[in-house]
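These notes are about the structure you will find just below.
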Amino acid sequence: MRAFNPPDWSSARHELREALSLSNWPPDTIADAELALHELFVNAWKHAGSQAPLVVVLLLDRTLRVSVTDDSPVLPEPRASSDPYELSGRGLHLVRSLTHRFGADPRKNGKSVWFELDAAA
């Protein structure tokens with residue numbers, strides 16, 4: 004069990020919120036993107052032991068792509084739990100339900116977990 008707090012993700016959250024706000028994305032979509040980012044960021048800390056996950060926020064045309072990179076080569080797998088009262092294990096399901104696309108790519112020294120959201124037409 005970790006005896007310290009997760010790393011501060013406020014600058015990544017600020018960058019994400021600012022990019023989407025300046026591009027006139029709806030507040031509900033911005034909130035979904037922030038929650039999905041938070042899940043990936045905490046997973047990089049909790050499961051990969053990364054004290055400083057690398058976050059990249061890209062806004063290309065009307066598609067947002069957020070990736071969180073850590074040093075662990077273990078790709079994430081959503082848990083198949085039927086217990087609705089478990090305290091953890093549903094983060095990747097949450098990311099999948101909040102976003103349009105979600106995935107993970109192996110890297111030379113770790114992995115990058117990402118999601119994409121499309122702006123409403």
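Start counting the sequence shown at 4; every next residue gets the next number (our numbering).
Every residue, glycine too, gets a C-beta built ideally from N, C-alpha and C.
If you're wondering where the values come from, they're calculated on a predicted model, not measured in any experiment.
Under the three-state DSSP convention, the category residue i falls into
{"i": "S53", "result": "coil"}
{"i": "M4", "result": "For M4, the predicted model reports a pLDDT of 46, less than 50, meaning its position is unreliable and no value from the coordinates is stated."}
{"i": "S26", "result": "coil"}
{"i": "L40", "result": "helix"}
{"i": "L63", "result": "strand"}
{"i": "V58", "result": "strand"}
Residue i: CB within 8 Å of a non-hydrogen atom of the ligand ZN
{"i": "V116", "result": "Absence of the ligand ZN from the depicted structure is noted, as is the absence of any ligand whatsoever, leaving it without description."}
Start and end residues, beta strand (DSSP E) containing residue i
{"i": "V69", "result": "T66 to D73"}
For residue j and residue i, the rounded distance between their alpha carbons
{"i": "A6", "j": "K49", "result": "A caution first: A6 carries a pLDDT of 47, below 50, which makes its placement in the model unreliable, though a value can still be read off. Computed Cα separation, rounded: 12 Å."}
{"i": "L95", "j": "V45", "result": "11 Å"}
{"i": "A22", "j": "W28", "result": "9 Å"}
{"i": "L40", "j": "D73", "result": "14 Å"}
{"i": "L57", "j": "D64", "result": "23 Å"}
{"i": "R104", "j": "S13", "result": "24 Å"}
{"i": "V59", "j": "L101", "result": "18 Å"}
{"i": "A122", "j": "E80", "result": "27 Å"}
{"i": "K111", "j": "T32", "result": "32 Å"}
{"i": "D35", "j": "W117", "result": "14 Å"}
Residue range of the unbroken alpha helix (DSSP H) whose run includes residue i
{"i": "V98", "result": "G94 to L101"}
Beta bridge counterpart(s) of residue i as assigned by DSSP
{"i": "A107", "result": "V116"}
{"i": "D11", "result": "Note: D11 sits in no beta bridge, so no partner."}
Supposed contact pair residue j and residue i - C-beta distance, whole angstroms, cut 8 Å
{"i": "P109", "j": "L78", "result": "7 Å"}
{"i": "K114", "j": "S75", "result": "6 Å"}
{"i": "L120", "j": "L38", "result": "With 8 Å as the limit, L120 and L38 do not qualify as a contact, their Cβ atoms being about 11 Å apart."}
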